[in-house]
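Q: Residue numbers (our numbering), protein chains in the order written: chain A, 9 to 299; chain B, 9 to 299; chain C, 1438 to 1717; chain D, 1438 to 1717.
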Ligand SMILES: Cc1cc2nc3c(=O)[nH]c(=O)nc-3n(C[C@H](O)[C@H](O)[C@H](O)COP(=O)(O)OP(=O)(O)OC[C@H]3O[C@@H](n4cnc5c(N)ncnc54)[C@H](O)[C@@H]3O)c2cc1C
Ligand SMILES: Cc1cc2nc3c(=O)[nH]c(=O)nc-3n(C[C@H](O)[C@H](O)[C@H](O)COP(=O)(O)OP(=O)(O)OC[C@H]3O[C@@H](n4cnc5c(N)ncnc54)[C@H](O)[C@@H]3O)c2cc1C
Ligand SMILES: Cc1cc2nc3c(=O)[nH]c(=O)nc-3n(C[C@H](O)[C@H](O)[C@H](O)COP(=O)(O)O)c2cc1C
Ligand SMILES: Cc1cc2nc3c(=O)[nH]c(=O)nc-3n(C[C@H](O)[C@H](O)[C@H](O)COP(=O)(O)O)c2cc1C
Ligand code: FES
Ligand code: FES
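#1: Pull up the distance between the alpha-carbon of residue 237 of chain B and that of residue 247 of chain A, whole angstroms please.
#2: Rounded to the nearest angstrom, what separates residue 24 of chain A and residue 68 of chain B at their Cα positions?
#3: Is the CB of residue 259 of chain A under 8 Å away from at least one CB in chain B?
#4: To the nearest angstrom, how far is the alpha carbon of residue 1546 of chain D from that of residue 133 of chain A?
#5: What residue from D/1708, D/1690, D/1679, D/1687 has the CA that sits closest to residue 1701 of chain D's CA?
#6: What alpha helix (DSSP H) runs, 4 residues minimum, are completely inside the stretch 153-189 of chain B?
#7: Between the alpha carbons of residue 1636 of chain C and residue 1480 of chain C, how many angstroms are there, rounded?
#8: Does residue 166 of chain B have its Cβ less than 8 Å from a Cβ in chain C?
#9: Determine, using beta carbons only, whether residue 1520 of chain D and residue 1510 of chain D come nearer to each other than 8 Å.
#10: Please indicate yes or no: does the CB of residue 157 of chain B lie closer than 7 Å to some heavy atom of ligand 3?
#11: Just grab the DSSP bridge partners of residue 306 of chain A for me.
#12: For residue 1564 of chain C, which of helix, strand or coil comes out of DSSP?
#13: Hey, could you find the ends of the beta strand (DSSP E) residue 1497 of chain C is sitting in?
#14: How far does the alpha helix (DSSP H) with residue 37 of chain B in it reach, from first residue to last?
#15: When burial is assigned at 16 or more other CB atoms within 10 Å of the CB, is residue 63 of chain A buried or exposed?
#16: In chain order, what are the residues with a CB under 7 Å from some non-hydrogen atom of ligand 6?
#17: Between the stretch 1481-1507 of chain D and chain C, which residues of the former have a C-beta closer than 8 Å to a C-beta of the latter?
#18: For residue 82 of chain B, count neighbouring C-beta atoms within 10 Å of its own C-beta (all shown protein chains included) and say buried if the count is 16 or more, exposed if not.
#19: Helix, strand or coil, according to DSSP, for residue 1673 of chain D in the structure here?
#20: What is the DSSP secondary structure of residue 1457 of chain D, reduced to helix, strand or coil?
#21: Take the Cβ of residue 35 of chain B as the centre, count every other Cβ of all protein chains shown within 10 Å, and call the residue buried at 16 or more, exposed below.
#22: Going along the stretch 62-92 of chain A in order, which residues come within less than 9 Å of chain C, judged by CB to CB distance?
#23: What is the DSSP secondary structure of residue 1552 of chain D, counted as helix, strand or coil?
#24: In the DSSP assignment, find the unbroken alpha helix (DSSP H) run with residue 1575 of chain C in it and report its ends.
#25: Which chain C residues are close to residue 57 of chain B, counting only those with a beta carbon under 9 Å from its beta carbon?
#26: If contact means a Cβ-Cβ distance below 7 Å, which residues of the stretch 13-44 of chain A contact chain D?
#27: Using beta carbons (cut-off 8 Å, strictly below), is residue 180 of chain A in contact with chain B?
#28: What separation, rounded to the nearest whole angstrom, lies between the Cα atoms of residue 277 of chain A and residue 1445 of chain D?
#29: So which residues on chain C does residue 252 of chain B lean against when the C-beta distance must stay under 7 Å?
#30: Helix, strand or coil for residue 1484 of chain D? Go by DSSP, reduced to three states.
#31: Please identify, using Cβ separations under 8 Å, the residues of the stretch 271-283 of chain A that lie next to chain D, in order along the chain.
#32: Looking at residue 1506 of chain C: is its Cβ nearer than 8 Å to the Cβ of residue 1498 of chain C?
#33: What are the residues of the stretch 220-235 of chain B that lie near chain A, defined by any Cβ-Cβ distance shorter than 9 Å?
#34: Considering just the uninterrupted stretch of the beta strand (DSSP E) at residue 1601 of chain D, what are its terminal residues?
#35: Residues of chain A with CB closer than 7 Å to the CB of residue 204 of chain B, please, in chain order.
#36: With a cut-off of 8 Å, does the C-beta of residue 213 of chain A fall near any C-beta of chain D?
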């Protein structure tokens, strides 16, 4: 089940935990056997620590979705490099640090700071956060995304995975652009811009009006996006969006993703990713036998 | 509850039936009192009749969504003008004909053919169908959309509502472009490009791979899109996407839509639009009393 | 444009849930549906009070008794599982009757019903109406994968000795070991053939009937399945491949042109190429 | 980073569903939760087997008895309605125990519990543990909108005569006519004050306690609510406004830093500006 994504990032199996839904692993380690998973993608990490957005930050939607507006609350890259990475280094699960920023310098700073730090298995470049100012500027413009990846490429020898935004006309074009400028893989998708109205007040629930939609509601959309990306690039693709069980995860593998990330479903049951892993192992077994 | 959308299109109330979910009204008239509704938006109508896509054409998704790939099965504009419109003329509910095409000439032909035809209350220009070749070409390019609206504007004095595609980076830009080239109103949104995998075969369920996602899963996305459009234009906005009851419809009115369309929920219960109408009438009453 | 619909949404309490092997019989008080439904018509049932699963599911009306309607279900997915788990007194939400039913022949000698698996569902009602219309003799050929999926013969007969049931199972666990079409020899020269079951069974039945060479006036009808968006003709989602009178390929709507179609109108080859109604 | 979690997902059958006016008591066999939970901790309960509603809902553990855990629910939305409709033998899916509970004072003279509406939920367990810890005297001030939303006094006392319950209702339908904070005079000079209820009630309680001038060592804790994504500290969704020791504004997580917080740490003003946990 090992998945080699290239440039030093090999996952013991194709099932990871999505950024922002597993923190930095510390809480979840108490609940599940994290070391059996393929990868942990950390919370979006920025140059300086961020305290995050005002509450409410999460709101369920009636159609099987979750809206969030966390605003990248995180302790900053320095803390991650000095306090967390040494602990990651002791874990079997590869930890990929999800890096976010408001401008090119932010990203470059973070990636450079993590260069050579033990415990960091790779970088996931989050160019698709809908919940901070300029969070999607890069993800929604193929040219800007390409320039960013080039700048980051120049300061790291590590695996750089680029997390794509689905809030675009042509996600395949962005994927091609980041491949051409040096990305080693892409993950798709981040959340969709959505809104919920607080019915007592008649105003949006989330303080910024909109947030990012995740969960089973978006799985068919994420799947179409991953299929489009798969057709456009040759580098590995990691599928994410609305996975709740082995079948919904396997859909991504069937359309050509090399690995998957489980996000919101971990909130509902922290064991979901382990169940997914077990289930797709069984499915593969069945296919090998029957095929 | 009357809503005057301008240029001759006045709806008795703000609740309509969305294109493609009510046919041309004939079947639904047997099930519900159609004449109590604000408008009926017909199935997408093309220059020539179309037999539609190969089945399966609909597939439910586990997250509260419906994928469809009907492929604009319709009898063609000539039939609609000669056989159906005279019957529409006898109904109290205003019938807006949804017009689709693969190129500018198609659209212009249809709109010109319907000009002056009694029973047709207005035109909804569908530049956002994900299920035919070139169906979204106009809806995903603000410049192309503007040129199309200009061409159509030149052949009709009727109300032209433009149905926007949500599968874009910047829906507000498309809305502004069609407003500036003469659209009288916009409706948002059409379906989102999605995919479902047939788990027995491992291949996409729908024959073209992808289809359009509708239903409660998309309501928070549609709401965010309508809010963005509302902020970008001054012409009326009609909200559509995932409405299942009065509360989910009222959300669109709260973010500034003048009217709404009920789509997929009509399949689940043909009375949904009537329930929505009743519910928002009650909500307005309550607000008037309390405010 | 199809016939006028007399369908409506109706809510009524469940009065019983019975199990016959793998099949579940759900009976609910639905007076309007009970009085209007004709054999072969179906109802669209809601499976949940939430929006998941979203769509109604189509089920043949299997029996009516006064105000009561009975459905027979095979638990194949989320919707049928939720329905089968309903308890007496819970409210069932039904939209129906929908679709075109079977042509009930009158005063004929012998009619044959060919049922595959849960394809049994429309036949109890059809058998009753055929007998009421003066059909002398009825044979039900009932096939299934195994005994546990065979609907009990008494449910077709309801004590009427003019109704004969022959059984076959794929695994030989009850009746003849083999396909239901292997039982056709038990029903020679029928005035009418009615069928319901999986597409593959219907296609091989159609081929068998062709080779027997039924006359063009013999009633030979099958109830077909398609995934349905609405069930009442507005979504155009339930297309099935047919041959028009001029032999042109066309689509028919399962929900309003069908579900019961003349077997000779169906394009069985095209149908066999489709992934089927089960699109989960 | 917070304390080590001993939480786990546990499935157990419901053994009873009781109604007290508008409140519902759900008891299920959940041995691991029953043995590990401390007063004020909560469990995240799944409300449906489908993905709608998607998230678990947080509920205080109200009582334990051997292997059994009891929850008290107010039916306010889709999730609580589905839970309240569950039948004995149905399986409850609980994740817990979660969060920081109340500080159980030892050997103290008098403790006061201030409950608003379904804020009653954590108190039966807390009262029991306070008594076990040697607290001589406990007063529960129990307020609600109306008699139908007042949890019965016996459920706090469980026959223990050292536990006193005073009641108030907004509409005067039972107990004193007024707010629960109006009852504070009945509980002078407590060694500890514990509170749970709507934010507005907690804020006015905090103000009242300030004016009484409790010493800095008096335990004064409140259980707060926030909409929760996970309940175990990974989503960062349940932020609540607090004041740090240096009086800087900060966010604390309701699920791991709370739900029980020292009342003096909460930024009641900021909290009053938020739309509240109810985000439907
Ligand atoms: C006219 C008609 C009459 C029917 N009568 C009966 C009956 O009396 N008893 C019975 O047990 N079954 C009957 N079926 C089949 C029944 O509708 C499906 O088994 C049911 O929809 C499956 O739903 P699910 O949620 O359990 O399965 P899932 O596989 O989870 O359903 C997923 C989707 O596929 C559709 N689907 C799956 N299987 C079928 C199918 N065979 N036909 C149509 N759509 C399908 C569902 O409606 C749903 O939209 C009938 C079908 C039709 C078209
Ligand atoms: C730590 C904690 C302990 C609680 N203990 C109890 C208890 O013992 N008994 C009880 O009846 N209620 C308790 N609540 C409140 C309970 O969680 C909510 O009433 C419940 O989540 C409402 O869900 P719903 O689907 O019925 O309502 P909806 O309004 O439909 O829920 C929509 C969304 O809002 C959230 N939400 C709504 N109200 C609240 C609320 N008051 N607090 C947090 N989230 C909310 C839901 O979780 C959901 O995500 C507790 C809340 C917290 C945070
Ligand atoms: C609460 C929450 C926080 C998230 N934070 C981040 C983040 O910091 N960085 C990032 O790249 N994606 C973030 N995401 C997006 C997820 O990683 C994932 O792309 C998305 O939720 C879709 O997957 P899902 O439907 O399985 O949740 C977050 C999602 C949620 C729900
Ligand atoms: C089966 C089906 C057919 C549709 N056909 C059309 C169409 O012909 N023209 C059009 O503009 N929109 C069409 N739509 C889109 C709807 O009008 C509507 O924009 C969309 O479904 C979102 O609303 P809903 O979630 O309420 O269904 C169709 C939708 C469905 C589900
Ligand atoms: S199911 Fe909608 S047209 Fe047949
Ligand atoms: S609910 Fe997820 S961090 Fe508190």
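For each residue, glycine too, the CB sits at the ideal point set by N, CA and C.
A: According to the structure shown:
#1: Translated into positions along the second chain, residue 237 of chain B becomes position 229. Translated into positions along the first chain, residue 247 of chain A becomes position 239. Each residue's Cα considered, the two are about 30 Å apart.
#2: Counting from one through the first chain, the residue named residue 24 of chain A turns up at place 16. Counting from one through the second chain, the residue named residue 68 of chain B turns up at place 60. Near 27 Å, if we compare the C-alpha coordinates of residue 68 of chain B and residue 24 of chain A.
#3: Taking the first chain and counting its residues from 1, one reaches residue 259 of chain A at position 251. True, the Cβ-Cβ gap to chain B drops below 8 Å.
#4: One-based indexing of the fourth chain puts residue 1546 of chain D at position 109. One-based indexing of the first chain puts residue 133 of chain A at position 125. The straight-line gap from Cα to Cα measures roughly 58 Å.
#5: As a first step, residue 1701 of chain D must be located in the fourth chain, where it is residue number 264. Of the listed residues, the one whose Cα sits closest to residue 1701 of chain D is D/1679.
#6: 179-188
#7: On the third chain, residue 1636 of chain C is found 199 positions in, with the first residue counted as 1. On the third chain, residue 1480 of chain C is found 43 positions in, with the first residue counted as 1. For residue 1636 of chain C and residue 1480 of chain C, the distance between alpha carbons rounds to 20 Å.
#8: Working through the second chain from its first residue, we reach residue 166 of chain B at position 158. No, no contact with chain C.
#9: Residue mapping note: residue 1520 of chain D aligns to position 83 of the fourth chain, counting from 1. Residue mapping note: residue 1510 of chain D aligns to position 73 of the fourth chain, counting from 1. Yes, Cβ-Cβ distance for residue 1520 of chain D and residue 1510 of chain D is below 8 Å.
#10: What you label residue 157 of chain B is simply residue 149 of the second chain in a count that begins at 1. Not under cutoff, so the answer is no.
#11: In the structure as shown, chain A begins at 9 and stops at 299. Residue 306 of chain A is therefore absent and cannot be evaluated.
#12: Against the third chain, residue 1564 of chain C aligns to sequence position 127. Helix, per DSSP.
#13: One-based indexing of the third chain puts residue 1497 of chain C at position 60. From DSSP, the beta strand (DSSP E) with residue 1497 of chain C extends over 1494-1497.
#14: Along the second chain, read from residue 1 onward, the residue named residue 37 of chain B stands at position 29. 34-39 is the span of the alpha helix (DSSP H), which, as asked, contains residue 37 of chain B.
#15: Here residue 63 of chain A refers to the residue found at position 55 of the first chain. Residue 63 of chain A comes out buried.
#16: A/275, D/1665, D/1666, D/1667, D/1668, D/1669, D/1670, D/1671, D/1672, D/1673, D/1674, D/1675, D/1690, D/1691, D/1692, D/1693
#17: 1485, 1487, 1488, 1489, 1490
#18: On the second chain, residue 82 of chain B is found 74 positions in, with the first residue counted as 1. Under this definition residue 82 of chain B is a buried residue.
#19: Position 236 of the fourth chain, counted from the start, is the residue given in the question as residue 1673 of chain D. Note: residue 1673 of chain D maps to coil in three-state DSSP.
#20: Stepping through the fourth chain from its first residue, residue 1457 of chain D is reached at position 20. Correct three-state label for residue 1457 of chain D: strand.
#21: As a working note, residue 35 of chain B is residue 27 in the second chain. Buried is the call here.
#22: 70, 71, 72
#23: On the fourth chain, position 115 is the one that residue 1552 of chain D refers to. Note: residue 1552 of chain D maps to strand in three-state DSSP.
#24: Start at 1 with the first residue of the third chain, and residue 1575 of chain C comes out as number 138. Unbroken run through residue 1575 of chain C is the beta strand (DSSP E), 1574-1581; no alpha helix (DSSP H).
#25: Reading the second chain from its first residue, position 49 is the one you call residue 57 of chain B. The contacting residues do not exist; residue 57 of chain B stays about 12 Å from chain C at best.
#26: 29, 30, 31, 34, 35, 36, 38, 39
#27: If you number the first chain from 1, residue 180 of chain A lands on position 172. Judged by the 8 Å Cβ criterion, residue 180 of chain A is not in contact with chain B.
#28: Taking the first chain and counting its residues from 1, the one referred to as residue 277 of chain A is at position 269. Taking the fourth chain and counting its residues from 1, the one referred to as residue 1445 of chain D is at position 8. The straight-line gap from Cα to Cα measures roughly 10 Å.
#29: Here residue 252 of chain B refers to the residue found at position 244 of the second chain. Within 7 Å Cβ-Cβ: 1488.
#30: Indexing the fourth chain from 1 puts residue 1484 of chain D at position 47. Coil, per DSSP.
#31: 272, 274, 275, 276, 277, 278, 279
#32: In the third chain, the residue the question calls residue 1506 of chain C occupies position 69. In the third chain, the residue the question calls residue 1498 of chain C occupies position 61. Yes, these two residues count as a Cβ contact at 8 Å.
#33: 221, 223, 224, 225, 226, 227, 228, 229, 230, 231, 232, 233, 234, 235
#34: Within the fourth chain, residue 1601 of chain D is the residue found at index 164, counting from 1. Counting along the chain, the beta strand (DSSP E) containing residue 1601 of chain D begins and ends at 1600-1606.
#35: Counting from 1 along the second chain, the entry for residue 204 of chain B is found at position 196. Under the 7 Å cutoff, chain A gives 228.
#36: As a position in the first chain, residue 213 of chain A is number 205, starting the count at 1. Judged by the 8 Å Cβ criterion, residue 213 of chain A is in contact with chain D.
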